Amino acid sequence: LAVGGSLVLLWVLAVWRWQDPLTLVLNKRAQSELSSAYEVRVTRERIAPTPRPKVETPSQAKLAATYRKRTDTGDPIGRLTVPRLDLEIMVVFGTDKETLKKGPGLHPSTGFPGQNFLTYVAGHRTTYGAPFSDIDKLRPGDKITFEVPYGTYRYEVVGHRIVRDDQIEVLKGRGREELALQACWPRFFATHRYISYAKLVGVDPASA
Numbered sequence: 002l003a004v005g006g007s008l009v010l011l012w013v014l015a016v017w018r019w020q021d022p023l024t025l026v027l028n029k030r031a032q033s034e035l036s037s038a039y040e041v042r043v044t045r046e047r048i049a050p051t052p053r054p055k056v057e058t059p060s061q062a063k064l065a066a067t068y069r070k071r072t073d074t075g076d077p078i079g080r081l082t083v084p085r086l087d088l089e090i091m092v093v094f095g096t097d098k099e100t101l102k103k104g105p106g107l108h109p110s111t112g113f114p115g116q117n118f119l120t121y122v123a124g125h126r127t128t129y130g131a132p133f134s135d136i137d138k139l140r141p142g143d144k145i146t147f148e149v150p151y152g153t154y155r156y157e158v159v160g161h162r163i164v165r166d167d168q169i170e171v172l173k174g175r176g177r178e179e180l181a182l183q184a185c186w187p188r189f190f191a192t193h194r195y196i197s198y199a200k201l202v203g204v205d206p207a208s209a
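So for the sequence shown, the numbering used here puts the first residue at 2; every next one is plus one.
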């Protein structure tokens, strides 16, 4: 019994310090598949049909809306890069249990980058790659980029807040383009949510 208890304790400590190795393997496989699927989506999105000459260049908002309509739950949306966390990862559409096993998920009630609304991305802290394990290390001024087929959106962290898990009003946004990264708080518990907010500082439209 003592040996069993010690092994459990060691496992908990290992997951606390690093992450769950079993779900990590599953996540790495899923991320590889998502990356390949995303490259296919990028190619398709950038092959713009030309039914008539002198077509007006679509705005980022229109491109985002069109891309969203073509996206189903579990599909890769884009690539999120957070230098402070040494993180580069594919983001998927949806935040249900199965979808989040693949990687961070964009909440379906919020916007895609470019839709002039809150883009809310949730991720695990201890399992399935633990993408947001160190979310509390983000500091104001830290840079974040979110690459999608129609452009790369550049953000700057402005602060954070901790809320209860039932405070769904955080999904409403504040009427402007911004990014929120969310994970459970404290680690190993799901009673609260740690949310890091970032303002949009620039957009690099994708070349056709």
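Where a beta carbon is used, it is the ideal one built from N, C-alpha and C, also for glycine.
On a predicted model such as this, the values are computed, not experimentally measured, just so you know.
query                                                                                                                                                                : result
When the Cα atoms are used, what is the spatial distance from Asp-205 to Glu-170?                                                                                    : 30 Å
How many angstroms separate the CA atom of Phe-94 from the CA atom of Thr-24?                                                                                        : 20 Å
Name the two residues that bound the continuous alpha helix (DSSP H) containing Leu-119.                                                                             : Taken as a continuous stretch (DSSP letters only), Leu-119 belongs to no alpha helix (DSSP H), being part of the beta strand (DSSP E) at 119 to 123.
Enumerated in chain order, which unbroken segments of the alpha helix (DSSP H) with a length of 4 residues or greater are wholly contained in the stretch 41 to 115? : 61 to 70 and 98 to 101
Look at the Cβ atom of Leu-119, then the Cβ atom of Ala-181, and state whether they are nearer than 9 Å.                                                             : yes
So what's Thr-153 in DSSP terms, helix, strand or just coil?                                                                                                         : strand
What does the Cβ neighbour count give for Ser-37, buried or exposed, with the cut at 16 atoms within 10 Å?                                                           : exposed
Near Phe-113, which residues of its chain fall below 6 Å by C-beta distance, leaving aside the five closest residues on each side in sequence?                       : Ala-65 and Arg-69
Report yes if the C-beta distance between Val-159 and Tyr-195 is below 9 Å; otherwise report no.                                                                     : no
State yes or no: is the C-beta of Gln-1 within less than 9 Å of the C-beta of Ile-90?                                                                                : Any answer about residue 1 is impossible in this case: the structure gives the chain only from 2 up to 209.
May I ask you to list the residues that DSSP assigns as paired with Gly-158?                                                                                         : According to the sequence provided, residue 158 is Val. The question's Gly does not apply to it. According to DSSP, Val-158 bridges with Ala-199.
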